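Report on the following structure.
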Amino acid sequence: EDFTRLNREISDFVYRLSDRSHVGQILVASSGAADPEMLDVFKDPAKRIYGELKRESEELFAQLRDHNRTKVEICRIWSISGSHLLTPTKYALGNFIEQAKSTGNIHLANSALVRRAYIDAGEMIGVLLLDLLKGPGRLISSGGFETTLQNLARLVLDEINPRGEVFLPEQTHEHEEDVYAPNVEPFNNLATKFGVALSDLSEQIRITATSSIFSSQHKN
């Protein structure tokens, strides 16, 4: 209840400040969790609460656009990579890099199909800011390149330790398909329009693995 209340208070405060200040452009960092299809399948109550709050925030800031005073760009961010990750080992990609560097192998927690779509965070923001300045302002999902986590683990090892192995746990009833990826085509087309070349998965892995933030996290 406190989490929900505080998030709504923050969103309301920023909304009122933006409205009173007649802000010209605003970029809203939402989440793939706000996607209606995701909200329908979330079994974890915490994920559902998070997604619903993000959806509320989208609808709130879209009102600024409806007032015809503010250009609003809303991006549902799914899975990101790169040197801008503050806590890279919290996420699958960072965890895989950590494992590959420390043990030479990667152990996955799920043997079922898990799909994600990764994009470099810096490149993503670049495209969004260009669209905010030059485009009409829209609701869009982050793009990039879709892959399975099994394939991602193999790509990580190819970059860090090609002789390493990917280990899967035994299949159990608890291991379910987990598809958390948008249609990447609209965002990727937007990147092409603005001349932004998006890094492929291998390059995203290299950038993330060699970033100073990841290095300091790894040392700690």
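Numbering (this note's numbering), first residue to last: 799 to 1018.
Every residue, glycine too, gets a C-beta built ideally from N, C-alpha and C.
The model shown is predicted, which means the values in this text are computed figures rather than measured ones.
Apply the 10 Å Cβ neighbour rule to Ser-829 and answer buried if 16 or more other Cβ atoms are within range, or exposed otherwise.
Under this definition Ser-829 is a buried residue.
Given this structure, state the Cα-to-Cα distance separating Glu-1001 from Ser-1009, to the nearest angstrom.
Glu-1001 and Ser-1009 have their C-alpha atoms spaced approximately 12 Å apart.
Throw me the rounded Cβ distance for the Leu-921 and Leu-837 pair, which I believe falls under 8 Å.
Before going further, note that residue 921 is Glu rather than Leu in the sequence given. No, Glu-921 and Leu-837 are not in contact; Cβ-Cβ is about 27 Å, not under 8 Å.
Express the C-alpha separation of Thr-1006 and Ala-898 in angstroms, rounding to a whole number.
Approximately 13 Å between the Cα atoms of the pair.
May I ask you to verify whether the region 885–896 touches the region 929–941, counting CB pairs closer than 8 Å and requiring at least 3?
No: fewer than three Cβ pairs fall under 8 Å.
Mind pulling the alpha helix (DSSP H) runs of 4 or more residues that sit fully within the region 842–899?
Qualifying alpha helix (DSSP H) stretches, in chain order: 843–864.
With Pro-967 and Ser-909 assumed to form a contact (beta carbons below 8 Å), what rounded beta-carbon distance in angstroms separates them?
Right, the Cβ-Cβ distance comes to about 5 Å (below 8 Å), so this counts as a contact.
Assess contact between the region 859–873 and the region 820–834, defined as three or more Cβ pairs (one per stretch) separated by less than 8 Å. Is contact present?
Yes, since at least three Cβ pairs between the region 859–873 and the region 820–834 fall closer than 8 Å, the two stretches touch.
Pull up the distance between the alpha-carbon of Asn-903 and that of Gly-880, whole angstroms please.
If I take the Cα positions, the gap works out to 21 Å.
In whole angstroms, what separates the C-alpha of Phe-943 from that of Leu-804?
In a straight line, the C-alpha of Phe-943 is about 34 Å away from that of Leu-804.
Measuring CB to CB, does Leu-928 end up less than 7 Å from Phe-859?
No, the Cβ-Cβ distance between Leu-928 and Phe-859 is not below 7 Å.
Assign Ile-917 to one of two classes, buried (16 or more other C-beta atoms within 10 Å of its C-beta) or exposed (fewer than that).
Residue environment: Ile-917 is assigned as buried (16 or more neighbouring CB atoms within 10 Å of its CB, all protein chains considered).
Do Glu-975 and Val-1004 come within 7 Å of each other at the CB atom, strictly closer than that value?
Looking at the sequence itself, residue 1004 is Arg, so the reference to Val does not match. Taking 7 Å as the cut-off, the beta carbon of Arg-1004 is found no closer than this to the beta carbon of Glu-975.
Look at the Cβ atom of Ala-979, then the Cβ atom of Val-964, and state whether they are nearer than 7 Å.
If you check the CB distance, Ala-979 and Val-964 do not come in under 7 Å.
Give the straight-line distance between the Cα atoms of Ser-809 and Leu-955, rounded to the nearest whole angstrom.
Taking the straight line from one Cα to the other gives about 41 Å.
Does the Cβ of Ala-844 have 16 or more other Cβ atoms within 10 Å, making it buried, or fewer, making it exposed?
Burial call: exposed.
C-alpha gap between Gly-962 and Leu-953, whole angstroms:
Cα-Cα distance, rounded: 11 Å.
Provide the residue(s) that pair with Arg-914 in DSSP beta bridges, ordered along the chain.
Paired residue(s): Thr-945 and Tyr-978.
Start and end of the beta strand (DSSP E) containing Ala-827?
Looking at the DSSP string, the run of the beta strand (DSSP E) that includes Ala-827 is 823–829.
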